[in-house]
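>
Numbering (our numbering), first residue to last: -2 to 287.
1. Would you identify the three-state DSSP class for residue 3, choosing helix, strand or coil?
2. For the segment 216 to 234 against the segment 177 to 192, do three or more pairs of beta-carbon atoms, one drawn from each stretch, fall closer than 8 Å, so that the two count as touching?
3. Measure the beta-carbon distance from residue 87 to residue 192 and round it to whole angstroms, keeping in mind my assumption that it falls under 8 Å.
4. I need the DSSP call for residue 251, collapsed to helix, strand or coil.
5. Hey, could you find the ends of the alpha helix (DSSP H) residue 12 is sitting in?
6. Under 6 Å Cβ to Cβ from residue 106, same chain only, skipping five residues before and after it: list those, please.
7. Going by the DSSP bridge assignment, what does residue 31 pair with across the sheet?
8. In this structure, does DSSP put residue 309 in helix, strand or coil?
9. My parser needs the beta strand (DSSP E) runs of 3 or more residues fully inside the segment 110 to 177; what are they?
10. List the endpoints of the continuous alpha helix (DSSP H) containing residue 292.
11. Looking at the strands, I want to know which residues DSSP matches up with residue 197.
12. Leaving out five residues on either side along the sequence, give the residues of the same chain with a beta carbon under 6 Å from the beta carbon of residue 31.
13. Which runs of the beta strand (DSSP E) fall wholly inside the segment 37 to 109 and span at least 3 residues, in chain order?
14. Drop a sphere of 10 angstroms on the beta-carbon of residue 29, count the other beta-carbons inside from all chains shown, and report buried for 16 or more, exposed for fewer.
15. Measure the CB-CB distance between residue 250 and residue 15 and report whether it falls below 8 Å.
16. So, for residue 119: in the same chain, excluding its five sequence neighbours on each side, which residues have a beta-carbon less than 7 Å away from its beta-carbon?
17. Looking at the unbroken beta strand (DSSP E) that takes in residue 287, where does it start and where does it end?
18. Which residue comes first and which comes last in the beta strand (DSSP E) that contains residue 218?
19. Taking 6 Å as the limit between beta carbons, can you name the residues of its chain near residue 117, skipping five residues before and five after?
20. What is the residue span of the alpha helix (DSSP H) that residue 269 lies within?
21. So what's residue 240 in DSSP terms, helix, strand or just coil?
22. Which value, in whole angstroms, describes the spacing of the CA atoms of residue 114 and residue 246?
23. Could you compute how far the alpha carbon of residue 70 sits from the alpha carbon of residue 111?
24. Check for me: the alpha helix (DSSP H) holding residue 283 runs from which residue to which?
25. Whose C-beta lies closer than 8 Å to the C-beta of residue 212 among residues of the same chain, with five residues either side of it excluded?
26. Could you tell me which of 277, 175, 142 sits nearest to residue 248, measuring between CA atoms?
27. Which residue from 45, 24, 41, 197 puts its Cα closest to that of residue 64?
28. With a CB to CB cut of under 7 Å and the five nearest residues on each side skipped, what residues in its chain are close to residue 221?
29. In this structure, what does DSSP give as the bridge partners for residue 181?
30. Does residue 137 come within less than 8 Å of chain C when only Cβ atoms are used?
31. Less than 8 Å between the C-beta atoms of residue 48 and residue 9, yes or no?
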């Protein structure tokens, strides 16, 4: 029987905090309990925010916690060709289009529409992209691209959902509202998500499903803040003919005010706690693990 494959996939855009430790330890513990494998993936596609010193700190903090992982470590910045190939497949299906508006221009379009009625938001609270670029004539798209104008490549969500109806994912953990078992996929809630940009041939949504498939990940253990995004990931998996792992979303570690931790929260940063004399067993206790 093939052993299950888990992964911990942080971004090196800051130092790890207690929330990262909780997720990493859960993956590590699950891999040991099931006789599985644990992979470490560095999600460093954001060249402007990811830095080598943060990546080095990830290895140091995880090793200090007693977590062991397989090598070599997959670094997303070294695999743009794989993401570009997936993007090309979606483009060949007629599901990708370029959008040239800046964030400010999109905000203006949304504000104009909200003058008449409330504009829909995605599960994270951001307004959905109005989709105006879908109506651009082909010659205008070609002109803008040849003019070196910046653009984002978006998934035509309506067209994609027509191809893939009645999808589900298997939830072995628990969603924010206690959801478990077979979860209906509802990617329409996210609108026409960005799959890539002119300067970067991928996005989080695209790279995560490609990486999980190429690495043979069979169980995705991650925070409840990504529960709703799983709908987009399942849709992309089906469109690309990729296997679907089982998902186990876990509770989030909050600060004293009940807010989700961020990498700027020094009081819960692993480096700061370690410098203050904390031991790995203390970290386990702080996040509620044995």
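We put the CB at the ideal spot given by N, CA and C, even for glycine.
Once the coordinates are examined:
1. By one-based count along the chain shown, residue 3 stands at place 6. Here residue 3 sits in strand by DSSP.
2. Judged by Cβ distances under 8 Å, the segment 216 to 234 makes contact with the segment 177 to 192, as three or more pairs qualify.
3. Here residue 87 is taken as the residue at index 90 of the chain shown, counted from 1. Here residue 192 is taken as the residue at index 195 of the chain shown, counted from 1. Cβ atoms of residue 87 and residue 192 come within 8 Å of each other, at about 7 Å.
4. On the chain shown, residue 251 is found 254 positions in, with the first residue counted as 1. In the structure shown, residue 251 sits in a strand (DSSP, three-state: E or B).
5. Position 15 of the chain shown, counting from 1, holds the residue named residue 12. Taken as a continuous stretch (DSSP letters only), residue 12 belongs to no alpha helix (DSSP H), as it is neither H nor E.
6. Looking up residue 106 in the chain shown gives position 109. For residue 106, where only same-chain residues beyond five positions count, the Cβ hits under 6 Å are 127.
7. Here residue 31 refers to the residue found at position 34 of the chain shown. Per DSSP, none; premise fails for residue 31.
8. Look at the range of the chain in this structure, -2 to 287, and you will see that residue 309 is not part of it.
9. List check, beta strand (DSSP E) in window: 149 to 152, 165 to 168.
10. Residue 292 is absent from the model: the chain starts at -2 and stops at 287.
11. To locate residue 197, count along the chain shown from 1; it is residue 200. Bridge partners of residue 197: 194.
12. Translated into the one-based positions of the chain shown, residue 31 becomes position 34. Excluding sequence neighbours, residue 31 sits near 1.
13. Fully enclosed beta strand (DSSP E) runs of 3 or longer: 93 to 96.
14. Sequence index remark: in the chain shown, residue 29 carries index 32 (1-based). Counting Cβ neighbours within 10 Å, residue 29 comes out exposed, since fewer than 16 surround it.
15. For the purposes of this step, residue 250 is taken as the residue at position 253 of the chain shown. For the purposes of this step, residue 15 is taken as the residue at position 18 of the chain shown. It is a contact, given that the beta carbons lie within the stated cut-off.
16. On the chain shown, residue 119 is found 122 positions in, with the first residue counted as 1. So the qualifying residues of the chain are 125, 186, 187, 188.
17. Position 290 of the chain shown, counted from the first residue, corresponds to residue 287. Note, residue 287: premise wrong, no beta strand (DSSP E); not H, not E.
18. Position 221 of the chain shown holds residue 218. Here the beta strand (DSSP E) through residue 218 covers 216 to 220.
19. Indexing the chain shown from 1 puts residue 117 at position 120. Sequence-distant partners of residue 117 (beyond 5 residues in either direction) whose C-beta falls short of 6 Å from its own C-beta, in its chain, are 125.
20. Numbered from 1 along the chain shown, position 272 holds the residue referred to as residue 269. Element bounds for residue 269: 267 to 272.
21. In the chain shown, counting from the first residue as 1, residue 240 sits at position 243. Residue 240 carries a coil assignment under DSSP once its states are collapsed to helix, strand and coil.
22. Within the chain shown, the letter at position 117 stands for residue 114. Within the chain shown, the letter at position 249 stands for residue 246. About 34 Å.
23. For this step, residue 70 is matched to residue 73 along the chain shown. For this step, residue 111 is matched to residue 114 along the chain shown. Approximately 46 Å between the Cα atoms of the pair.
24. Locating residue 283 in the chain shown gives position 286, where the first residue counts as 1. From DSSP, the alpha helix (DSSP H) with residue 283 extends over 277 to 283.
25. Taking the first residue of the chain shown as position 1, residue 212 is located at position 215. Once the five neighbours on either side are set aside, the close Cβ partners of residue 212 are 2, 4, 36, 38, 71.
26. In the chain shown, residue 248 corresponds to position 251, counting from 1. Sorting 277, 175, 142 by C-alpha distance to the C-alpha of residue 248 places 175 at the top.
27. Looking up residue 64 in the chain shown gives position 67. Nearest Cα to residue 64 within the set 45, 24, 41, 197: 24.
28. Translated into positions along the chain shown, residue 221 becomes position 224. Here the set comprises 172, 173, 246, 247, 248, 249.
29. On the chain shown, position 184 is the one that residue 181 refers to. Beta-bridge pairing by DSSP links residue 181 to 165.
30. Considering every chain present, this structure includes no chain C. It has just one protein chain.
31. Your numbering for residue 48 matches position 51 in the chain shown. Your numbering for residue 9 matches position 12 in the chain shown. A distance below 8 Å separates the beta carbons of residue 48 and residue 9.
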